[in-house]
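Colleague: For the sequence shown, our numbering gives the first residue as 90, with consecutive numbering after it.
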Amino acid sequence: MSHRQSPPEPFSFADALGEELDEITPLDDKTTVDLKSQRRDTDLLAKQLKRASITQRQENDANPLSLSLRSAVKPDDMLSYKKPGIQEGVFKNLRLAKYPLEGVIDLQRIPLEEARRVLFQKTSDLHQQGVRVVLVKHGRGELSKPIPALLKSYVYQWCQELEWVIALHSAQRQHGSFSASYVLLKKHSDQKQMNRERLFKRGK
């Protein structure tokens, strides 16, 4: 005579954990609220630290030159720019290299971010020294990546973003033609005194 076997009892999650389940204490409502509160505080702190970091970087970097290129020029494009109010005669003299070059800034063969820093710093320094005309060497950039004339395009844009640059034009052949540009800096507030000091030094 065979005995009918009883069906197996359902296998529960508690069975899988065994006695260890007894050692687990469920979270009460207060603990759940505290954890949510801590998570909100942590998220808030992270956001505050991120904002502080961004603010600090902006304060440390007074360079206004953008790394976002708005439009590109071609390697053989002639660059020409002047701010409103610049006399045509002054701009023509700049274009024809009638003004003496008082400084040279060579940005070729250096990283873009470094070129940005150098152009900003050196034009600022030269302006503070009373320099008026500078030759900026940017190259034609036929093989530059990701687009041709990348640095040339940025230099053209950056010079228009600098408050002390009032005009720019591609150089004459003897100064590099399409691979360089004449940059005219505005007069410094102490320009007359600076000119007198230069004349005094030359007369010695």
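The C-beta atom is built at its ideal place from N, Cα and C for all residues, glycine as well.
Determine the DSSP secondary structure at Ala204, reduced to helix, strand or coil.
Modeller: helix
Colleague: Are any of the Cβ atoms in chain C nearer than 8 Å to that of Phe180?
Modeller: The structure shown has no chain C; it contains just one protein chain.
Colleague: Is the separation between the beta-carbon of Leu224 and that of Val193 shorter than 8 Å?
Modeller: yes
Colleague: Quick one, which of Trp247, Gly230, Val272 has its alpha-carbon nearest Asp165's?
Modeller: For Asp165, the nearest C-alpha among the options comes from Gly230.
Colleague: Among Trp253, Asp132, Gln246, Asp279, which one has its Cα closest to the Cα of Ala161?
Modeller: Ranking Trp253, Asp132, Gln246, Asp279 by Cα distance to Ala161 puts Gln246 first.
Colleague: In terms of alpha-carbon separation, which member of Leu251, Arg221, Pro173 lies closest to Tyr188?
Modeller: Tyr188 has its Cα closest to that of Arg221, out of Leu251, Arg221, Pro173.
Colleague: Excluding sequence positions up to five away, which residues of its chain have a Cβ less than 6 Å from the Cβ of Leu183?
Modeller: Ala256, His258, Tyr271, Leu273
Colleague: Out of Glu250, Lys171, Leu168, Gln217, which has the shortest C-alpha to C-alpha gap to Ser157?
Modeller: Glu250
Colleague: Grab me the residues of Lys172's own chain with a C-beta within less than 6 Å of its C-beta, minus the 5 sequence neighbours each way, in chain order.
Modeller: Shown here for Lys172: same chain residues with a beta carbon closer than 6 Å to its own, the five before and five after excluded, namely Ile255 in chain order.
Colleague: In the DSSP assignment, what residue or residues form a beta bridge with Asp195?
Modeller: In DSSP, Asp195 forms a bridge with Lys226.
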